[in-house]
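Below is one structure; the comments refer to it alone.
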Amino acid sequence: DLCLNAAIGQDACAQLIVQAAKAMEAANQE
-7 DLCLNAAIGQ DACAQLIVQA AKAMEAANQE
């Protein structure tokens, strides 16, 4: 269970980082 939770946590962090990067790129383009 701990390994599964860690994997889910890493996926969530990665998705947040990707979303933040996309938002920053969009802001820079405007």
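Residue 13 in this note's numbering sits at position 21 of the sequence shown, and the numbers go up by one each step. Glycine included, every Cβ here is placed at the ideal spot set by N, Cα and C.
If you draw a straight line from the Cα of residue -7 to the Cα of residue 7, it comes to about 21 Å. For residue 3, the enclosing alpha helix (DSSP H) stretches over residues -6 to 21. In this structure, the straight-line span from the alpha carbon of residue 21 to that of residue 4 is close to 26 Å. Note on geometry: alpha-carbon atoms of residue 16 and residue 2 lie some 21 Å from one another.
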